[in-house]
Amino acid sequence: QEKKIFTVQGPYPIIRHLLRARGWVERKLPSVGRQLEQHRGDQNKQQLKTRPCNGGGGQGEPLLNPHEKEEEQCDEDPSGIHDLMSYLVRDRLPNFIWTNFLEATDHELLQQDHVVNHYARVDAFTTKEGLCLSLQNLPWIEQADPNTFFPRCYRLGTMDEREAFIEDFRLTAARSLLKLALEQAGDRPVRTKQVPNSAKGAGSLWPQSWHRSHVSHPKHSTAGAGSSLYPELVEEALEVCKQHLGVLRHQDIDRGTPSPCRTCIDWDRFLQEYYRVAHEGAGLVLTRQQRKQCQNLLRRLAEQLPQLGMEGKLNVWILKPGAESQGRGIICMTRLEEVLQLARGFTAPSVQVGRWVVQKYVEQLLTIFGTKFDIRQWFVVTDWKPLTVWFYQDCYLRFCSWPFSLCHLERARHLCNVSVQKWYKTSPDQDPRVPPDKIWSNKQFQEYLAQLGQADAWHQVLVPGMKAAILNALRSAQDQVGFRKGSFELYGADFLVGEDCQPWLLEINSCPTMRPSSAVTRRLCANVQRDTLRLVLDRKNNPTCSIGAFELIYKE
Numbered sequence: 001q002e003k004k005i006f007t008v009q010g011p012y013p014i015i016r017h018l019l020r021a022r023g024w025v026e027r028k029l030p031s032v033g034r035q036l037e038q039h040r041g042d043q044n045k046q047q048l049k050t051r052p053c054n055g056g057g058g059q060g061e062p063l064l065n066p067h068e069k070e071e072e073q074c075d076e077d078p079s080g081i082h083d084l085m086s087y088l089v090r091d092r093l094p095n096f097i098w099t100n101f102l103e104a105t106d107h108e109l110l111q112q113d114h115v116v117n118h119y120a121r122v123d124a125f126t127t128k129e130g131l132c133l134s135l136q137n138l139p140w141i142e143q144a145d146p147n148t149f150f151p152r153c154y155r156l157g158t159m160d161e162r163e164a165f166i167e168d169f170r171l172t173a174a175r176s177l178l179k180l181a182l183e184q185a186g187d188r189p190v191r192t193k194q195v196p197n198s199a200k201g202a203g204s205l206w207p208q209s210w211h212r213s214h215v216s217h218p219k220h221s222t223a224g225a226g227s228s229l230y231p232e233l234v235e236e237a238l239e240v241c242k243q244h245l246g247v248l249r250h251q252d253i254d255r256g257t258p259s260p261c262r263t264c265i266d267w268d269r270f271l272q273e274y275y276r277v278a279h280e281g282a283g284l285v286l287t288r289q290q291r292k293q294c295q296n297l298l299r300r301l302a303e304q305l306p307q308l309g310m311e312g313k314l315n316v317w318i319l320k321p322g323a324e325s326q327g328r329g330i331i332c333m334t335r336l337e338e339v340l341q342l343a344r345g346f347t348a349p350s351v352q353v354g355r356w357v358v359q360k361y362v363e364q365l366l367t368i369f370g371t372k373f374d375i376r377q378w379f380v381v382t383d384w385k386p387l388t389v390w391f392y393q394d395c396y397l398r399f400c401s402w403p404f405s406l407c408h409l410e411r412a413r414h415l416c417n418v419s420v421q422k423w424y425k426t427s428p429d430q431d432p433r434v435p436p437d438k439i440w441s442n443k444q445f446q447e448y449l450a451q452l453g454q455a456d457a458w459h460q461v462l463v464p465g466m467k468a469a470i471l472n473a474l475r476s477a478q479d480q481v482g483f484r485k486g487s488f489e490l491y492g493a494d495f496l497v498g499e500d501c502q503p504w505l506l507e508i509n510s511c512p513t514m515r516p517s518s519a520v521t522r523r524l525c526a527n528v529q530r531d532t533l534r535l536v537l538d539r540k541n542n543p544t545c546s547i548g549a550f551e552l553i554y555k556e
């Protein structure tokens, strides 16, 4: 009568405990449902065994079955009273369903007034491929530029986007060559001299380990005297960048050639010579006039390209299966032909070329104690019509196991996912101040920023940037989501932080993991589950009740 029957599918002992404490009774899955979960779990385990690097299940982070034992251990019912109550409601439909993913739920359970923690068709923004496509359409929906918060990204299975990526890679190589030429000539516009400016005067407060991680010297800086390449190579890069600047300023209306990348130079030869400079130790000869031209041209390009600062000079790209999670199949690469060859080389259905995306790697990023990290930020959508979004004010940082370096592209240095890093031992070269469990709370991060003289960066730059990126991503996909009144969904967005403290959205996860990997995540994961139930259940009967750390950031 009180409509307090619930069902939990997946490893969520906190949710079960909190609902029971509210006087709710669980309708446990029937044996058929359990068998279905077991079957899916076995399938997933088999995929992980056969494809440890590139395999995996569908979207969403945790899968149903692998942690069932852990869940049962946490499900204490010594008197058997909960089992008895579950038996008594075995024929009743649950009023509240919390599950790993919507497809695991019997659709007969989804009555009109029942609450479920997922929406349908959210892959428009919770898969890498879907987010890439949705944000391409953002300028048609909102007055917003995805290039200001989302590293440029291409779907390699689409011919137009594959060609656009090839052009982008070439143009980035030309810009990078100009940066490398200036660096060799004594200018360092993208290295430590820029840090105090972008840090708003932090100056010497930036620790030495931060400098070391940012000055990740390409091999040519330590390779001794390599063979020099003559000014013609710089001249070609200057010409390409000049033509591109004209395109960006819409000065190409009467020009017959649509792109500077198609005809102006021999790109195969240019890229091979660029690789020699960036990765193999070759030097550049730069005239005084070319030096001034490089400086002026890069300054003008920076006014047109929001990502010029973060893209660095080594042209690193990150190749990702479009619908995977937990870091499966992700590889960092620096050579165009290798990216295209690798994407074509996979034959598994989930990683065929049509499912790959390639994204610009954020080379100029903020590190902590010389180590890369990212931010897991939660938010909840309680309605799509009107779009209603709640931002969680607590989050956590995930560290890599090895020191950051752009000269070495191992996963242990570049993928912050807990599911990736748990397979690596901490490097002996790692700064001892990096936490052993590789997790920080946002409060610890704020304290660190304050030590750097950046006490205001969290509230003035990072949080507003993360909120704006999340809202833009949701708006771009809003028309594609399967809307259902009474539903809600908790998401986990992943962000990198640029050296200027600007957040860069990497992906949005449906069903973010609630399995604690540290003392910090044990506390925060329990809190966000508690506050989510307050938001979607308690607030219905008491609009003034506490919703914990949630903040309403948008309601259409």
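full-length UniProt numbering applies: residue 1 is where the sequence shown begins, and numbers increase by one. Using N, Cα and C, we set each Cβ at its ideal position, and we do this for glycine too.
| Asked | Found |
| --- | --- |
| Residue span of the alpha helix (DSSP H) that contains G465, given as start and end | 463–477 |
| Beta-carbon gap between K360 and E311 smaller than 8 Å | yes |
| With 16 other Cβ atoms within 10 Å as the buried cut-off, status of A455 | exposed |
| Per-residue DSSP class, three states only, for D431 | coil |
| Other residues of its chain near H114: CB distance less than 6 Å, five sequence neighbours each side excluded | N95 |
| Exposure label - C501; buried when at least 16 CB within 10 Å | buried |
| Closest Cα partner of V497 within the set G309, K292, R398, L365 | L365 |
| In DSSP terms, what P139 is bridged to | Answer by DSSP bridge pairing: none, since P139 is not bridged. |
| For S419, the first and last residue of its enclosing alpha helix (DSSP H) | 418–421 |
| E499, buried or exposed, once every other Cβ within 10 Å from all chains shown has been counted against 16 | buried |
| Terminal residues of the beta strand (DSSP E) in which F96 lies | 96–99 |
| Spatial neighbours of V25 in its chain, beta-carbon cut-off 6 Å, leaving aside the 5 residues before and after | I5, M85, V89 |
| Short Cβ contact (8 Å threshold) for V528 with Y392 | yes |
| DSSP beta-bridge partners of Y491 | F379, S510 |
| Distance between G130 and D160 (C-alpha atoms, nearest Å) | 16 Å |
| Contact test: L397 Cβ vs the ligand MN heavy atom, cutoff 7 Å | The model depicted lacks the ligand MN and carries no ligand whatsoever. |
| Short Cβ contact (8 Å threshold) for D168 with R152 | yes |
| At least 3 beta-carbon pairs within less than 8 Å: the segment 434–452 vs the segment 473–481 | no |
| Residues near L18 by beta carbon distance below 8 Å, same chain, minus five either side | Q529, R530, L533 |
| Strand pairing of V115, partner residues [DSSP] | F96 |
| Boundaries of the alpha helix (DSSP H) in which L178 is found, first to last residue | 159–184 |
| I15 in three-state terms, based on DSSP | helix |
| With 16 other Cβ atoms within 10 Å as the buried cut-off, status of I470 | buried |
| Cβ pair E236, I265 closer than 8 Å | yes |
| 6 Å CB neighbourhood of R51 in its chain, flanking five on each side removed | Confidence at R51 is low in this model, with a pLDDT of 37, below 50, so the placement of that residue should be treated as unreliable; the coordinate-derived value is given next. None. |
| Three-state secondary structure (DSSP) of C407 | coil |
| Nonlocal neighbours in the same chain, by C-beta distance under 7 Å from L301, ignoring five residues either side | R175, C241, L245, L308 |
| Three-state secondary structure assigned by DSSP to L271 | helix |
| 6 Å Cβ shell around E2 - same chain, five flanking residues per side excluded | none |
| Pick from C400, F445, H408, F404 that is closest to K425, judged by C-alpha positions | C400 |
| Three-state secondary structure assigned by DSSP to E556 | coil |
| Straight-line gap, E337 to D429 (C-alpha atoms, nearest Å) | 32 Å |
| Inter-residue Cα distance where the pair is T99 and S487 | 12 Å |
| Supposed close pair F125, I508 - CB separation, criterion 8 Å | 5 Å |
| Coarse secondary structure for R530, derived from DSSP in three states | helix |
| Limits of the unbroken beta strand (DSSP E) element including Y396 | 396–399 |
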